[in-house]
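First comes the structure, then the notes that go with it.
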Amino acid sequence: MPDLSAPTRKPATKPTTRPRTRSQGSEPHTDLLAWRAEFPILQRKTYLNSCSLGPLSLRSMAALDRFQDLWNEHGAQAWYEIWMGELAALRAKFAQLIGAQPHEIAIAPSVSAALSEIASGLDLGDRNKVVMADMDFPTLAYQWLAREREGIEVEFVESADKVTLPARRFRTAIDQRTGLVATSRVFYLSGYIQDVAALAEMAHAQGALLLVDDYQATGQIPLDVKAAGIDFLVTGTLKWLMGGQGVAFIYVRDELISRLRPTHTGWWASRDQFQFKTREFSYRDDAQRLEAGTPPMPSIYIASAALDITLDIGVERVRERTRWLADDLARKAHARDWTLRSPLDGAHRSSIVMLEMERPEELVKRLSERGIVVDSRPGLLRISPNFYNTIEETDLVIGALEELLAQRAH
Ligand SMILES: Cc1ncc(COP(=O)(O)O)c(C=O)c1O
Numbered sequence: 539m540p541d542l543s544a545p546t547r548k549p550a551t552k553p554t555t556r557p558r559t560r561s562q563g564s565e566p567h568t569d570l571l572a573w574r575a576e577f578p579i580l581q582r583k584t585y586l587n588s589c590s591l592g593p594l595s596l597r598s599m600a601a602l603d604r605f606q607d608l609w610n611e612h613g614a615q616a617w618y619e620i621w622m623g624e625l626a627a628l629r630a631k632f633a634q635l636i637g638a639q640p641h642e643i644a645i646a647p648s649v650s651a652a653l654s655e656i657a658s659g660l661d662l663g664d665r666n667k668v669v670m671a672d673m674d675f676p677t678l679a680y681q682w683l684a685r686e687r688e689g690i691e692v693e694f695v696e697s698a699d700k701v702t703l704p705a706r707r708f709r710t711a712i713d714q715r716t717g718l719v720a721t722s723r724v725f726y727l728s729g730y731i732q733d734v735a736a737l738a739e740m741a742h743a744q745g746a747l748l749l750v751d752d753y754q755a756t757g758q759i760p761l762d763v764k765a766a767g768i769d770f771l772v773t774g775t776l777k778w779l780m781g782g783q784g785v786a787f788i789y790v791r792d793e794l795i796s797r798l799r800p801t802h803t804g805w806w807a808s809r810d811q812f813q814f815k816t817r818e819f820s821y822r823d824d825a826q827r828l829e830a831g832t833p834p835m836p837s838i839y840i841a842s843a844a845l846d847i848t849l850d851i852g853v854e855r856v857r858e859r860t861r862w863l864a865d866d867l868a869r870k871a872h873a874r875d876w877t878l879r880s881p882l883d884g885a886h887r888s889s890i891v892m893l894e895m896e897r898p899e900e901l902v903k904r905l906s907e908r909g910i911v912v913d914s915r916p917g918l919l920r921i922s923p924n925f926y927n928t929i930e931e932t933d934l935v936i937g938a939l940e941e942l943l944a945q946r947a948h
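Residue numbers for the sequence shown follow the working numbering, so the first one is 539 and each next one is one higher.
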């Protein structure tokens, strides 16, 4: 792979921290820029914050209008005649996106709720150890830490540089007492892409299962859950899927569905949902046994229309374009001698580019005054372009940052 950091403004002073990026080459998938017209915020802002909240599309706005019209026209009748069908369509679309079957999918209101469904339903028996990464999002850890009083033991695999975590580092932690490996495909803290297929193999070799928190990867990095050997997956529509709040998904591998008996439950999990048997309860046979109560239909409409956009474009194309943009940001940061807190290896780097900066919250505010939307985490500035962003926009954010840092220095 050619080294892209070569044409920088100054000689490479830190060769070991030089990002390995692909040749600038020709810009991939410029046809995707036609989608910019679909997102009103892109007409107003330089929007580089996909890993926090994806932009709202005209399609989703139209879908929300449609939902309101249906509510006005049909009232509760819409449940049976229309909205149940919309829910089924959404499960099927998500299944298509990750290479699953619709009966393996459940809808939840957030990733945290989705995780609680699985954690409350999975009996790990004597294998009471859960292995995770110290780089995982806190909500994933809390599911298991909250169950320590039930005998669950959590072991964290540590990232040496707090950026990367090669799969082999899990090897010693996963043992015969491990019931579950629960970790992210992309770390929210560094954008590092984990090799989940390798983790699945390692977990299965010891008789453990693999749960993937896919929130920072779904819609950004292609996935086939079957090929990767994933047992459980949770994700939501807020970020790279551009579908807003209120909709998350659970994938459960077909063979494992009957093993899950969540105590976090409700009438939507019941096999006889519309027979209203107060004294009897049996779980549905499909993954919808992990659903609990009435879903937020306005959010379902918004999310479902957004999913159509990702399915129309194809996640492979999103990845090719965002990788090019992320490489470009990494190269520009390196040229300025800024410290990249994302993987140096482009193959493991997603479109979450972290820069080590002092007082990043202040920079986020100053950039926002210039119409540039990025994000921060303690000590880190987070820039996350999506397929609709342009090279002019990466120039703009880097140029603005350069000015702000120069002002600080004076
Ligand atoms: C990787 C990851 N997992 C989980 C969450 C939390 O999701 P929710 O708020 O839907 O519970 C986030 C939110 O930023 C996240 O980045």
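Backbone N, C-alpha and C define an ideal beta-carbon position, used for all residues, glycine too.
Nothing here was measured: the structure is a model prediction, and the numbers come from that model.
Candidates the options: which alpha carbon is nearest residue i's?
i	options	result
Glu907	Arg709, Leu939 and Phe694	Leu939
Val649	Ala743, Gly804, Pro676 and Glu739	Pro676
Glu900	Arg887, Ser888, Arg915 and Met892	Arg915
Asp810	Glu739, Ala711 and Asp824	Asp824
Ala705	Gly689, Gly623, Arg715 and Arg723	Arg723
Leu845	Ile929, Ala679, Met673 and Arg597	Arg597
Asp769	Glu642, Thr816 and Arg574	Glu642
Gly689	Ala657, Met673, Ser697 and Thr710	Ala657
Arg861	Pro647, Gly729 and Glu624	Gly729
Ile851	Phe725, Leu779 and Ala738	Leu779
In the DSSP assignment, find the unbroken alpha helix (DSSP H) run with residue i in it and report its ends.
i	result
Gly937	Ile929 to Ala947
Arg604	Leu596 to His612
Leu718	Counting along the chain, Leu718 falls outside any alpha helix (DSSP H), though it belongs to the beta strand (DSSP E) covering Thr716 to Ser722.
Val750	Unbroken run through Val750 is the beta strand (DSSP E), Leu747 to Asp751; no alpha helix (DSSP H).
Phe632	Met622 to Ile636
Val902	Pro898 to Glu907
Ala651	Val649 to Gly659
Lys667	No alpha helix (DSSP H) contains Lys667, which is instead part of the beta strand (DSSP E) from Lys667 to Ala671.
Thr677	Pro676 to Leu683
Ile579	Ile579 to Arg582
Tyr528	The chain is shown from 539 up to 948; residue 528 falls before or after that span and cannot be answered.
Val772	Val772 -> not in any alpha helix (DSSP H); beta strand (DSSP E) instead, spanning Phe770 to Gly774.
Ala743	Val734 to Ala743
Val1001	With the chain covering 539 to 948 only, the question about residue 1001 has no answer from this structure.
Cβ of residue i versus every heavy atom of ligand 1: is any distance shorter than 7 Å?
i	result
Val911	no
Ala843	no
Asp751	yes
Val935	no
Thr939	The question names Thr, but residue 939 is Leu in the sequence shown. No, Cβ of Leu939 sits at least 7 Å from all heavy atoms of ligand 1.
Gln754	yes
Val668	no
Gly663	no
Phe925	no
Val763	no
Gly784	no
Gly774	yes
Less than 8 Å between the C-beta atoms of residue i and residue j, yes or no?
i	j	result
Val750	Leu771	yes
Leu683	Tyr926	no
Ile759	Ile788	no
Val695	Val669	yes
Lys764	Gly717	no
Leu919	Leu882	no
Met835	Phe605	yes
Ile838	Leu628	yes
Ser889	Ser588	yes
Val891	Ala868	yes
Leu849	Gln634	yes
Pro833	Leu625	yes
Ser922	Leu580	no
Classify residue i as buried or exposed, calling it buried when 16 or more other Cβ atoms lie within 10 Å of its own Cβ.
i	result
Asp664	exposed
Lys548	Low local confidence applies: a pLDDT of 33 at Lys548 is under 50, so the model's placement there is unreliable, with the coordinate-based value given in what follows. By the 10 Å Cβ count, Lys548 comes out exposed.
Arg946	exposed
Arg687	exposed
Phe812	exposed
Met622	exposed
Glu931	buried
Ala944	exposed
Ala644	buried
His872	buried
Gly745	exposed
Trp617	exposed
His948	exposed
Glu655	buried
Gln754	buried
Lys870	buried
Starting from residue i and walking both ways along the beta strand (DSSP E), at which residues does that stretch end?
i	result
Ser914	Asp913 to Arg915
Ala644	Ile643 to Ala646
Glu691	Glu691 to Val695
Met953	The structure shown does not extend to residue 953, since the chain spans only 539 to 948, so no value can be given for it.
Leu918	Leu918 to Ile921
Ala786	Ala786 to Val790
Does any residue of chain C have a CB that is nearer than 8 Å to the CB of residue i?
i	result
His612	Among the chains in the structure shown there is no chain C, since it carries only a single protein chain.
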